[in-house]
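Participant: Let me begin by handing over the structure; questions about it come next.
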Amino acid sequence: MSKNSPGNPIAEIMELGEAVDINVGLDHPEAGRCMARHLLSCGYQNIVYVAAQMANDYRARLRYEGHREILEAAGLEAPLIEMDQLGQFETGAKALDKVKAILPEADAIHFANDDLATGAILHAQRRGIRVPEDIAIAGFNGLPIGQHISPNLTTICSPRESIGRLSARAIIARLEGKPLTASSHDVGFELHVGESA
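Its first residue numbered 36, the sequence shown is counted upward by one per residue in the numbering used here.
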């Protein structure tokens, strides 16, 4: 199938890769690198990456690989904790307890998503753990809830609306037989520096 001829368009979204037809997404390893660089720039040295069921979330693994690359380049270890439960608030709370139990020296947690990070911040308040003074917390996605908790969440904002709009436009153009200027679109991401890290 030609990428510039009508037919049944295939849109791959959320991450970048070699496009089968249309690809709209962001660079997940670079997003992981970006947050790791930010945490290092804040002075954190014992940074744990926490994810949930990474076998079902390869994008979280890509971000961890970027995160690990930056920490190892700085001569630091890059411990990974993988939770068995889905990445929800309760799992984030359990993850905070696990980090505190097995890596008490940790001074920052880079969570694979905002749900986990938000759950950890809420649980920290219940336990009397100060964020970021006792431990910093960061996430990924830029979900609104992260900005409605206190401290508000430091996160990577993924432009999901832009991804959807660009994908829809590209599909419509393909169906109408219009040529695409590019088969792959990198929408980028934004580091939102909140109060939590």
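Ideal Cβ placement from N, Cα and C applies to all residues, glycine included.
Identify the continuous alpha helix (DSSP H) that holds T126 and give its terminal residues.
Facilitator: Walking along the sequence shown from the start, residue 126 turns up at place 91. Note, T126: alpha helix (DSSP H), 124-137.
Participant: State the Cα-Cα distance for the pair G212 and A113, rounded to the nearest angstrom.
Facilitator: For the purposes of this step, residue 212 is taken as the residue at position 177 of the sequence shown. For the purposes of this step, residue 113 is taken as the residue at position 78 of the sequence shown. Roughly 48 Å separates the two Cα atoms.
Participant: Leaving out five residues on either side along the sequence, give the residues of the same chain with a beta carbon under 8 Å from the beta carbon of Q233.
Facilitator: Nothing can be reported for residue 233: it is not among the residues displayed for the chain, which extend from 36 to 232.
Participant: Rounded to whole angstroms, what is the Cα-Cα separation between G60 and E47?
Facilitator: Translated into positions along the sequence shown, residue 60 becomes position 25. Translated into positions along the sequence shown, residue 47 becomes position 12. Near 8 Å, if we compare the C-alpha coordinates of E47 and G60.
Participant: Locate the alpha helix (DSSP H) running through A159, then write down its first and last residues.
Facilitator: Position 124 of the sequence shown, counted from the first residue, corresponds to residue 159. Start and end: 149-162.
Participant: Residues in the same chain with beta-carbon distance under 7 Å from A208, minus the five sequence neighbours each way, listed in chain order, please.
Facilitator: As a first step, residue 208 must be located in the sequence shown, where it is residue number 173. The answer, listed in chain order, is L215.
Participant: Within this structure, are the beta carbons of A143 and A203 separated by less than 8 Å?
Facilitator: Taking the first residue of the sequence shown as 1, we reach residue 143 at position 108. Taking the first residue of the sequence shown as 1, we reach residue 203 at position 168. No.
Participant: Distance, Cα to Cα, R72 vs I105?
Facilitator: By one-based count along the sequence shown, residue 72 stands at place 37. By one-based count along the sequence shown, residue 105 stands at place 70. Roughly 7 Å separates the two Cα atoms.
Participant: Just to confirm, are E230 and N187 a CB contact at a threshold of 8 Å?
Facilitator: If you number the sequence shown from 1, residue 230 lands on position 195. If you number the sequence shown from 1, residue 187 lands on position 152. It is a contact, given that the beta carbons lie within the stated cut-off.
Participant: Verify the contact flag: L138, CB atom, against every heavy atom of the ligand SAM, threshold strictly below 7 Å.
Facilitator: In the structure shown, the ligand SAM is absent, as is every other ligand, since no ligand is present at all.
Participant: Looking at C-alpha atoms only, which residue of L201, V228, I57, I184 is the closest neighbour of F124?
Facilitator: Locating residue 124 in the sequence shown gives position 89, where the first residue counts as 1. For the residues L201, V228, I57, I184, the minimum Cα distance to F124 belongs to I184.
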